[in-house]
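Each protein sequence line maps, in turn, to chains A and B.
All letters in the first sequence, in the order written, are residues 1140 to 1497 by the working numbering.
All letters in the second sequence, in the order written, are residues 180 to 266 by the working numbering.
Ideal Cβ positions, reconstructed from N, Cα and C, are used throughout, including at glycine.
For clarity, every value in this text was computed on a predicted model and none was experimentally measured.
Here the structure is laid out as structure tokens; the discussion comes afterwards.
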Amino acid sequence: MSKTVLLIGTRKGCFVLESDGDRRDWGLRGPYCEEWPVYHAVFEPSAGAIYAAAASEWHGSAVWRSGDLGETWTHSSEGLAHADASKKLSKVSTLAASSGRVLVGVEAPGIFASRDEGATWSELSTLAGQPGSEVWDDPANQPPGHLGLSALMLDGDSSSKFWAIVQGIGLFETADEGTSWTPRNRGLRAEWPREHEDVGFCVHKVVRSASDPTRMYQQNHCGMHRSDDNGETWTEITEGLPSDFGFAAAAHPHDRDTFYVVPLDPGHGRFMPDGAAAVWRTSDGGSSWQRLGRGLPQERAYLGVLREAMAIDSHDVPGLYFGTSTGQVFASADEGESWSEIASYLPAISSVEVAILD
Amino acid sequence: MADLHLPGTLTPLFAELPRRLEVDAATVGAAVDELEARWPGLRDRLCEPGPLIRSHIHFYVDQQRATLDTPIPPHSRVDVIAAISGG
């Protein structure tokens, strides 16, 4: 029988939740990674390994690896330093892993790659030469909590093509493994002055339809957006949502028109509106939205969900999962129609990823 | 030989790394080199590229705040402290 495994990155280590295909009963293991703050934990399917991007205030940044679903771990930061010594690598923010290659995005913005199971790393790109990149590393542009290169999205098993988000700057695409980049922000909205036409957008999260790779969805600081041309142009689809702000997003694995978001208040709170928890779903590519709150707390629930903290599995009836800044994990085994709390009292959750293992 | 004391946050990261050990090093930097030779990767946990001592790691030689260049006299005590920070 297959297992459904959730990798939970938290401010105090990595946790693993396991269930069977029914996804009703869950067992929790952890904390792992010596309780280092884990910004993102992912599963690399070819080797069956977990990787966790972690940054300790005392001992610096490292990528942790477990080849046995969390029972034992190693870590390394060998080579995790910018070639330009004036750039400080303050944290490892995000991971993407496929076909034996692991990419990690870092602050100051950059991407490192490992092809030896995380034992050693080499700098792949800092996106140097992109408009305005000469000031990305200014300390004034790196406040505490800044993630730098905040997300990576792979193109299946292709090693040459992938996308990267630079926090507060925008989405970029490479087709030659980071040698050159193209900004992919056309059609996005920004509510602040921008010095360059192609960048200066606050892209929070981009997801891609597994059933139609040309279809992408984006949660931006300023609205929800859809692309029908592989990210080359974007159309806003915010109307019908309670807020244009949020971080997390998930694309249905079998239906290109179905997509999930977690709208948040855009002020300092950045929790779900009115203290009532809900995930919102569109089933028509963003023309309309449905509020999904059954089983979620509806009173005095001030839950935040960060950009990597929602995931969807690839079962025939997909399961949805999200983790909160107050340490709960909620799951739905019926595409978001109903929810249950499958873990409580964890540290603040940074990331949730899901894998189905035979 | 100097009597070196390591923080409890460090020892779980490396196999059989003790909290307390003897090192034969002329300076703090040489002591870090010795630790790196015995436990590869340990330098990165105490130092940033440069190398520079990480901002939340403090070294003391006989109770005096030290840098990587600080000499280690024979029979001295070296303390490596994870600074009081975080929450």
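Could you tell me whether any Cβ in chain B is nearer than 9 Å to the Cβ of residue i?
i	result
Leu1266(A)	no
Lys1227(A)	yes
Glu1196(A)	yes
Ser1261(A)	no
His1343(A)	no
Ala1487(A)	no
Glu1217(A)	yes
Glu1173(A)	yes
Gly1379(A)	no
His1364(A)	no
Ala1247(A)	no
Go to residue i, then tell me how far its beta strand (DSSP E) extends in each direction, as first and last residue.
i	result
Gly1362(A)	Gly1362 to Ser1366
Leu1496(A)	Ile1488 to Leu1496
Ala1192(A)	Ala1188 to Ser1195
Glu201(B)	Arg199 to Val202
Arg1430(A)	Gln1429 to Leu1431
Ile1250(A)	Gly1249 to Ser1253
Ala1349(A)	No beta strand (DSSP E) contains Ala1349(A), which DSSP labels as neither H nor E.
Gly1385(A)	Phe1384 to Ala1390
His1393(A)	Looking at the DSSP string, His1393(A) is not in any beta strand (DSSP E), and its letter there is neither H nor E.
Pro1170(A)	Gly1166 to Tyr1171
His1214(A)	Thr1213 to Ser1215
Report the residue from the options whose alpha carbon sits nearest the alpha carbon of residue i.
i	options	result
Ile1481(A)	Gly1370(A), Lys1226(A), Phe1154(A) and Ala1220(A)	Phe1154(A)
Val202(B)	Ser255(B), Ala262(B) and Ile263(B)	Ser255(B)
Gly1169(A)	Gly1152(A), Glu1183(A), Gly1160(A) and Asp1161(A)	Gly1152(A)
Ser1195(A)	Asp223(B), Ala205(B) and Gln242(B)	Asp223(B)
Arg199(B)	Thr206(B), Leu214(B) and Gly208(B)	Leu214(B)
Thr1374(A)	Met1363(A), Phe1182(A), Asp1255(A) and Ser1382(A)	Met1363(A)
Gly1166(A)	Cys1172(A), Glu1157(A) and Glu1173(A)	Glu1157(A)
Leu1293(A)	Ala1303(A), Asp1383(A) and His1285(A)	Ala1303(A)
Asn1324(A)	Val1144(A), Gly1307(A), Gly1406(A) and Ala1388(A)	Gly1307(A)
Ser1382(A)	Gln1358(A), Met1140(A), Val1202(A) and Asn1280(A)	Gln1358(A)
Ala210(B)	Ile263(B), Ser234(B), Met180(B) and Gly187(B)	Met180(B)
Gly1239(A)	Ser1297(A), Asp1277(A), Glu1447(A) and Pro1176(A)	Ser1297(A)
Val1342(A)	Gly1287(A), Glu1334(A), Ala1314(A) and Ala1390(A)	Gly1287(A)
Glu1312(A)	Ser1471(A), Leu1266(A) and Leu1380(A)	Leu1266(A)
Phe238(B)	Thr188(B), Ala261(B), Pro197(B) and Arg217(B)	Ala261(B)
Ala1487(A)	Leu1445(A), Glu1474(A) and Phe1340(A)	Leu1445(A)
Asp248(B)	Thr190(B), Leu196(B) and Val207(B)	Val207(B)
DSSP on residue i, reduced to helix/strand/coil?
i	result
Val1444(A)	coil
Ser1297(A)	strand
Pro1184(A)	coil
Arg233(B)	coil
Thr188(B)	coil
Gly1414(A)	helix
Cys226(B)	strand
Glu1117(A)	Here chain A comprises residues numbered 1140 to 1497, so residue 1117(A) is not present and cannot be evaluated.
Glu1375(A)	strand
Ser1464(A)	coil
Asn1280(A)	helix
Glu1246(A)	strand
Glu1174(A)	helix
Leu1286(A)	coil
Glu1262(A)	strand
With 9 Å set as the bound, which would you pick, yes or no: does the beta-carbon of residue i sit closer than that to a beta-carbon of chain A?
i	result
Leu225(B)	yes
His235(B)	yes
Pro252(B)	no
Leu196(B)	no
Leu247(B)	no
Leu214(B)	no
Leu189(B)	yes
Ala210(B)	no
Using DSSP bridges, identify the partner residues of residue i.
i	result
Met1292(A)	Trp1302(A)
Ile1147(A)	Phe1154(A) and Val1491(A)
Trp1419(A)	Val1400(A) and Arg1430(A)
Pro1322(A)	Phe1311(A)
Ile1451(A)	Leu1459(A)
Val240(B)	Gln243(B) and Val257(B)
Pro250(B)	Thr206(B)
Trp1478(A)	Answer is none; Trp1478(A) lacks a bridge partner.
Leu183(B)	Leu200(B) and Val257(B)
Name the two residues that bound the continuous alpha helix (DSSP H) containing residue i.
i	result
Val207(B)	Val207 to Arg217
Does any CB atom of chain C fall closer than 9 Å to the CB of residue i?
i	result
Leu1442(A)	The displayed structure is made up of protein chains A and B, and chain C is not among them.
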